[in-house]
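Asker: Residues in the sequence shown are numbered from 24 upward in steps of one, following the numbering used here. Every residue gets a Cβ at the ideal spot worked out from N, C-alpha and C, and that includes glycine. Keep in mind the model is a prediction, meaning the values are calculated, not measured. So that we are looking at the same thing, I have put the structure below in structure tokens.
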Amino acid sequence: MPYPDKLLAEDEEVARHLHPHWLTLFWPVVWLLVVIGGASFGMAAIPAGRQQGLVRMLILALAVVLLIVFVLVPLLKWRTTHYVITTHRLLFREGIMARRGRDIGLSRITDVSYRQSLWDRIINSGTLTIESAGDSGATVLRQIPDSEGVQQLLNYMVEEDADRRAQESAGYVGDYYSGHQGTAPQ
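Here it is, written out as structure tokens:
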């Protein structure tokens, strides 16, 4: 079962599943090109001699370490960060080896706002701030693609959830009274 489907309740559906904006991978790609180019040049520039193989291996080892730190780790962080909006809640998960997450029921969300700098507007990204009832304070989600659209979707989903809960509650009250000989308590 693919992620996030394994986290959903029976009557819950995914409205939107996001990762941080793809531009967060810009610097890792630059590092990839620089490290591979630098390592290739460095290995080719080693003069022939007894130590040539050892020096090339050291350059290769350094390149691998740099690639892990500056390319692989940011790529895995991006890939393992999930923002999922469902018909019942907002799920946030992140982490490569150690995981961190938070679920906020749509009924608990009191305010959703977004902020975009000029650069964020150009690349269609931004920061969402989600206020919810409880002691945990605001949840801030950074580098959200289409932050304005996600903010509007969350507001819509909060309203839809409130309507769904009101209908369920009205249906329950109606079922309760119909089971008690049609008389409502006075």
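1) Cα-Cα, which of Glu182, Ile127, Trp142 is closest to Val163?
2) Using a Cβ-Cβ cutoff of less than 7 Å, which residues in the same chain neighbour Asp34 once the five nearest sequence positions on both sides are dropped?
3) Exposed or buried, Met180, counting other C-beta atoms within 10 Å across all chains shown (16 or more means buried)?
4) Quick check: the Cα distance between Leu83 and Arg144, rounded to an integer number of angstroms?
5) Excluding the 5 residues flanking Val135 on each side, which residues of the same chain have their C-beta closer than 7 Å to its C-beta?
6) Quick check on this structure: which residue in Thr110, Ser140, Leu99, Arg116 has the alpha carbon closest to the alpha carbon of Asp186?
7) Output the distance between the C-alpha atoms of Phe64 and Leu46, rounded to the nearest integer angstrom.
8) I need the straight-line Cα distance from Arg122 to Arg116, nearest angstrom please.
9) How is Thr157 classed by DSSP in three states: helix, strand or coil?
10) What are the uninterrupted segments assigned as beta strand (DSSP E) that are 3 or more residues long and contained completely in the segment 101-127, given in chain order?
11) Using a Cβ-Cβ cutoff of less than 6 Å, which residues in the same chain neighbour Arg131 once the five nearest sequence positions on both sides are dropped?
12) According to the neighbour-count rule (16 or more other Cβ atoms, all chains shown, within 10 Å of its Cβ), is Thr104 buried or exposed?
13) Output the residue ranges of the alpha helix (DSSP H) runs that lie fully inside the segment 45-72 and measure 4 residues or longer, sorted by chain position.
14) Taking the alpha helix (DSSP H) that Arg79 belongs to, which residues open and close that run?
Answerer: Reading off the structure:
1) Ile127
2) none
3) buried
4) 40 Å
5) Leu151, Ile153, Gln174, Leu177, Asn178
6) Thr110
7) 28 Å
8) 7 Å
9) According to the sequence provided, residue 157 is Gly. The question's Thr does not apply to it. Coil.
10) 105-109, 112-117
11) Ser155, Ala156
12) buried
13) 49-68
14) 75-90
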